[in-house]
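Below is one structure, written out as C-alpha coordinates, with a few remarks after it.
Spelled out as C-alpha coordinates, the structure:
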(Lines of atoms letter the chains of each structure in order from A; the text may use other names.)
(Lines give C-alpha, C1' and ligand atoms only; values in the text may rest on other atoms or scores of the structure.)
Protein backbone atom coordinates (compact mmCIF):
# COMPACT_ATOMS: atom_id res chain seq x y z
CA UNK A 1 0.00 0.00 0.00
CA UNK A 2 1.30 3.44 -0.95
CA UNK A 3 2.09 5.40 2.23
CA UNK A 4 2.33 8.69 0.39
CA UNK A 5 -0.24 11.44 0.54
CA UNK A 6 -3.42 11.18 -1.48
CA UNK A 7 -3.45 12.95 -4.86
CA UNK A 8 -6.58 13.53 -6.81
CA UNK A 9 -7.18 14.98 -10.26
CA UNK A 10 -9.50 17.94 -10.56
CA UNK A 11 -10.36 19.24 -14.03
CA UNK A 12 -12.45 18.51 -17.10
CA UNK A 13 -9.52 17.77 -19.35
CA UNK A 14 -7.65 14.53 -19.51
CA UNK A 15 -4.47 16.27 -18.48
CA UNK A 16 -3.11 15.69 -15.00
CA UNK A 17 -4.10 18.41 -12.61
CA UNK A 18 -3.17 16.88 -9.24
CA UNK A 19 -4.03 18.59 -6.01
CA UNK A 20 -2.84 17.22 -2.70
CA UNK A 21 -5.82 16.52 -0.42
CA UNK A 22 -4.16 14.53 2.34
CA UNK A 23 -0.79 14.40 4.03
CA UNK A 24 1.39 11.29 4.28
CA UNK A 25 0.34 8.71 6.85
CA UNK A 26 1.82 9.25 10.29
CA UNK A 27 1.73 6.12 12.50
CA UNK A 28 2.34 8.26 15.57
CA UNK A 29 -0.97 10.07 15.25
CA UNK A 30 -3.78 8.59 17.34
CA UNK A 31 -6.21 7.97 14.47
CA UNK A 32 -3.85 8.40 11.52
CA UNK A 33 -6.02 11.28 10.31
CA UNK A 34 -8.87 8.96 9.32
CA UNK A 35 -11.38 10.49 11.71
CA UNK A 36 -13.51 13.62 11.50
CA UNK A 37 -13.96 15.90 14.47
CA UNK A 38 -17.69 16.48 14.76
CA UNK A 39 -17.98 17.59 18.36
CA UNK A 40 -16.62 20.58 20.19
CA UNK A 41 -13.36 20.11 22.03
CA UNK A 42 -13.14 20.21 25.79
CA UNK A 43 -16.24 18.06 26.29
CA UNK A 44 -16.73 15.22 28.74
CA UNK A 45 -14.81 12.82 26.49
CA UNK A 46 -11.66 14.97 26.41
CA UNK A 47 -9.69 12.55 28.56
CA UNK A 48 -11.32 9.29 27.50
CA UNK A 49 -8.24 8.07 25.61
CA UNK A 50 -5.82 8.90 28.41
CA UNK A 51 -8.20 7.47 30.96
CA UNK A 52 -8.44 4.26 28.97
CA UNK A 53 -4.67 4.05 28.76
CA UNK A 54 -4.46 4.48 32.53
CA UNK A 55 -7.11 1.80 33.08
CA UNK A 56 -5.31 -0.61 30.74
CA UNK A 57 -2.05 0.05 32.57
CA UNK A 58 -3.79 -0.71 35.86
CA UNK A 59 -5.11 -4.01 34.47
CA UNK A 60 -1.75 -4.92 32.92
CA UNK A 61 0.04 -4.40 36.24
CA UNK A 62 -2.49 -6.66 37.93
CA UNK A 63 -2.07 -9.38 35.32
CA UNK A 64 1.71 -9.23 35.65
CA UNK A 65 1.47 -9.70 39.43
CA UNK A 66 2.74 -6.20 40.22
CA UNK A 67 -0.56 -4.49 41.14
CA UNK A 68 -0.71 -0.74 41.44
CA UNK A 69 -3.47 1.47 42.77
CA UNK A 70 -5.52 4.00 40.81
CA UNK A 71 -3.66 6.71 42.72
CA UNK A 72 -0.27 5.41 41.60
CA UNK A 73 -1.40 5.10 37.99
CA UNK A 74 -2.84 8.61 38.22
CA UNK A 75 0.51 10.03 39.31
CA UNK A 76 2.50 8.52 36.45
CA UNK A 77 -0.10 9.21 33.74
CA UNK A 78 -1.25 12.66 34.92
CA UNK A 79 -4.86 11.51 34.60
CA UNK A 80 -7.35 12.00 37.41
CA UNK A 81 -7.98 8.92 39.53
CA UNK A 82 -11.72 9.33 38.98
CA UNK A 83 -11.28 9.22 35.20
CA UNK A 84 -9.11 6.09 35.39
CA UNK A 85 -11.69 4.45 37.63
CA UNK A 86 -14.52 5.38 35.26
CA UNK A 87 -12.71 3.91 32.26
CA UNK A 88 -11.73 0.84 34.25
CA UNK A 89 -15.38 0.10 34.99
CA UNK A 90 -16.24 0.40 31.29
CA UNK A 91 -13.33 -1.76 30.15
CA UNK A 92 -13.86 -4.40 32.83
CA UNK A 93 -17.36 -5.02 31.49
CA UNK A 94 -15.90 -5.93 28.11
CA UNK A 95 -13.30 -8.42 29.31
CA UNK A 96 -13.16 -11.37 31.63
CA UNK A 97 -12.34 -9.36 34.73
CA UNK A 98 -12.63 -12.16 37.25
CA UNK A 99 -9.44 -11.92 39.27
CA UNK A 100 -8.54 -8.49 37.92
CA UNK A 101 -10.97 -6.89 40.32
CA UNK A 102 -9.62 -8.89 43.28
CA UNK A 103 -8.00 -6.76 45.98
CA UNK A 104 -5.97 -9.62 47.44
CA UNK A 105 -2.69 -8.69 45.77
CA UNK A 106 -3.03 -5.04 46.77
CA UNK A 107 -3.87 -6.02 50.35
CA UNK A 108 -0.77 -8.24 50.45
CA UNK A 109 1.47 -5.44 49.18
CA UNK A 110 0.07 -2.88 51.60
CA UNK A 111 0.48 -5.32 54.51
CA UNK A 112 4.08 -5.86 53.48
CA UNK A 113 4.72 -2.12 53.23
CA UNK A 114 3.27 -1.73 56.73
CA UNK A 115 5.51 -4.55 58.03
CA UNK A 116 2.55 -6.41 59.50
CA UNK A 117 2.94 -9.87 61.02
CA UNK A 118 2.13 -12.91 58.92
CA UNK A 119 -0.86 -13.79 61.11
CA UNK A 120 -2.35 -10.37 60.39
CA UNK A 121 -1.65 -10.77 56.68
CA UNK A 122 -3.38 -14.16 56.73
CA UNK A 123 -6.54 -12.72 58.24
CA UNK A 124 -6.43 -9.72 55.87
CA UNK A 125 -6.15 -12.06 52.87
CA UNK A 126 -9.14 -14.08 54.06
CA UNK A 127 -11.23 -10.96 54.70
CA UNK A 128 -10.29 -9.69 51.23
CA UNK A 129 -11.39 -12.93 49.57
CA UNK A 130 -14.64 -13.06 51.55
CA UNK A 131 -15.35 -9.39 50.78
CA UNK A 132 -15.04 -10.00 47.05
CA UNK A 133 -17.24 -13.08 47.20
CA UNK A 134 -19.79 -11.20 49.30
CA UNK A 135 -19.84 -8.24 46.91
CA UNK A 136 -20.57 -5.82 49.74
CA UNK A 137 -18.19 -3.16 48.42
CA UNK A 138 -19.00 -3.39 44.73
CA UNK A 139 -18.25 -0.08 43.03
CA UNK A 140 -15.49 0.95 45.40
CA UNK A 141 -11.94 1.27 44.07
CA UNK A 142 -9.63 -1.66 44.90
CA UNK A 143 -7.16 0.52 46.79
CA UNK A 144 -9.93 1.96 49.00
CA UNK A 145 -11.21 -1.55 49.74
CA UNK A 146 -7.71 -2.78 50.53
CA UNK A 147 -7.07 0.14 52.88
CA UNK A 148 -10.38 -0.39 54.69
CA UNK A 149 -9.75 -4.13 55.06
CA UNK A 150 -6.39 -3.53 56.70
CA UNK A 151 -7.93 -0.81 58.89
CA UNK A 152 -10.57 -3.29 60.05
CA UNK A 153 -8.15 -6.17 60.61
CA UNK A 154 -5.86 -4.06 62.77
CA UNK A 155 -8.76 -3.57 65.20
CA UNK A 156 -8.67 -7.35 65.64
CA UNK A 157 -5.02 -7.22 66.69
CA UNK A 158 -4.83 -4.56 69.42
CA UNK A 159 -1.06 -4.99 69.75
CA UNK A 160 -0.65 -3.70 66.17
CA UNK A 161 -3.45 -1.13 66.14
CA UNK A 162 -0.93 1.75 66.09
CA UNK A 163 -0.21 0.87 62.45
CA UNK A 164 -3.63 2.28 61.51
CA UNK A 165 -2.18 5.77 61.49
CA UNK A 166 0.23 4.77 58.71
CA UNK A 167 -2.40 3.31 56.37
CA UNK A 168 -3.25 6.64 54.75
CA UNK A 169 0.40 7.32 53.92
CA UNK A 170 1.13 3.81 52.60
CA UNK A 171 -2.04 3.43 50.53
CA UNK A 172 -2.48 7.03 49.34
CA UNK A 173 -6.16 6.77 50.32
CA UNK A 174 -7.59 9.63 52.37
CA UNK A 175 -8.65 9.07 55.96
CA UNK A 176 -12.23 10.03 55.11
CA UNK A 177 -12.40 7.45 52.33
CA UNK A 178 -10.88 4.75 54.53
CA UNK A 179 -13.38 5.36 57.32
CA UNK A 180 -16.37 5.58 54.99
CA UNK A 181 -15.37 2.33 53.30
CA UNK A 182 -14.73 0.72 56.68
CA UNK A 183 -18.22 1.71 57.79
CA UNK A 184 -19.71 -0.21 54.85
CA UNK A 185 -17.34 -3.11 55.43
CA UNK A 186 -17.89 -3.59 59.16
CA UNK A 187 -21.64 -3.93 58.60
CA UNK A 188 -20.81 -7.35 57.09
CA UNK A 189 -18.24 -8.35 59.74
CA UNK A 190 -19.90 -11.68 60.57
CA UNK A 191 -19.83 -12.69 56.92
CA UNK A 192 -16.27 -11.70 56.02
CA UNK A 193 -14.16 -12.21 59.17
CA UNK A 194 -12.97 -15.79 59.80
CA UNK A 195 -14.05 -16.66 63.34
CA UNK A 196 -11.64 -19.59 63.37
CA UNK A 197 -8.71 -17.17 63.15
CA UNK A 198 -10.03 -14.36 65.35
CA UNK A 199 -11.56 -14.27 68.81
CA UNK A 200 -15.37 -13.85 68.45
CA UNK A 201 -15.35 -11.20 71.18
CA UNK A 202 -13.00 -9.02 69.11
CA UNK A 203 -15.31 -9.30 66.12
CA UNK A 204 -18.36 -8.43 68.22
CA UNK A 205 -16.67 -5.35 69.67
CA UNK A 206 -15.56 -3.81 66.40
CA UNK A 207 -16.52 -0.10 66.26
CA UNK A 208 -19.26 0.71 63.75
CA UNK A 209 -17.51 3.80 62.44
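In full-length UniProt numbering, the protein residues as written are 1 to 209.
The beta-carbon is built from N, C-alpha and C at its ideal position, and this holds for glycine as well.
Look at the alpha carbon of residue i and the alpha carbon of residue j, and state the distance between them as a whole number of angstroms.
| i | j | result |
| --- | --- | --- |
| residue 135 | residue 78 | 30 Å |
| residue 131 | residue 192 | 6 Å |
| residue 66 | residue 195 | 30 Å |
| residue 197 | residue 63 | 30 Å |
| residue 113 | residue 49 | 32 Å |
| residue 204 | residue 74 | 38 Å |
| residue 262 | residue 140 | Residue 262 is absent from the model: the chain starts at 1 and stops at 209. |
| residue 159 | residue 53 | 42 Å |
| residue 80 | residue 161 | 32 Å |
| residue 118 | residue 184 | 26 Å |
| residue 82 | residue 51 | 9 Å |
| residue 177 | residue 71 | 13 Å |
Using the three-state DSSP reduction, which class does residue i fall into: helix, strand or coil?
| i | result |
| --- | --- |
| residue 51 | helix |
| residue 78 | coil |
| residue 134 | helix |
| residue 117 | coil |
| residue 85 | helix |
| residue 207 | coil |
| residue 63 | helix |
| residue 57 | helix |
Could you spell out the range, first to last residue, of the alpha helix (DSSP H) harbouring residue i?
| i | result |
| --- | --- |
| residue 184 | 175 to 186 |
| residue 148 | 142 to 155 |
| residue 68 | Taken as a continuous stretch (DSSP letters only), residue 68 belongs to no alpha helix (DSSP H), as it is neither H nor E. |
| residue 200 | 200 to 204 |
| residue 189 | 189 to 192 |
| residue 104 | 104 to 113 |
| residue 171 | 164 to 171 |
Report yes if the C-beta distance between residue i and residue j is below 8 Å; otherwise report no.
| i | j | result |
| --- | --- | --- |
| residue 179 | residue 209 | yes |
| residue 256 | residue 107 | The question about residue 256 has no answer, for the chain in this structure spans 1 to 209. |
| residue 163 | residue 116 | yes |
| residue 149 | residue 167 | no |
| residue 143 | residue 174 | no |
| residue 250 | residue 55 | This structure does not reach residue 250, given that the chain is present from 1 up to 209, and the question cannot be answered. |
Decide yes or no for the touch test of the stretch 77 to 94 against the stretch 123 to 130: beta carbon pairs closer than 8 Å, at least 3 of them.
No, they do not touch.
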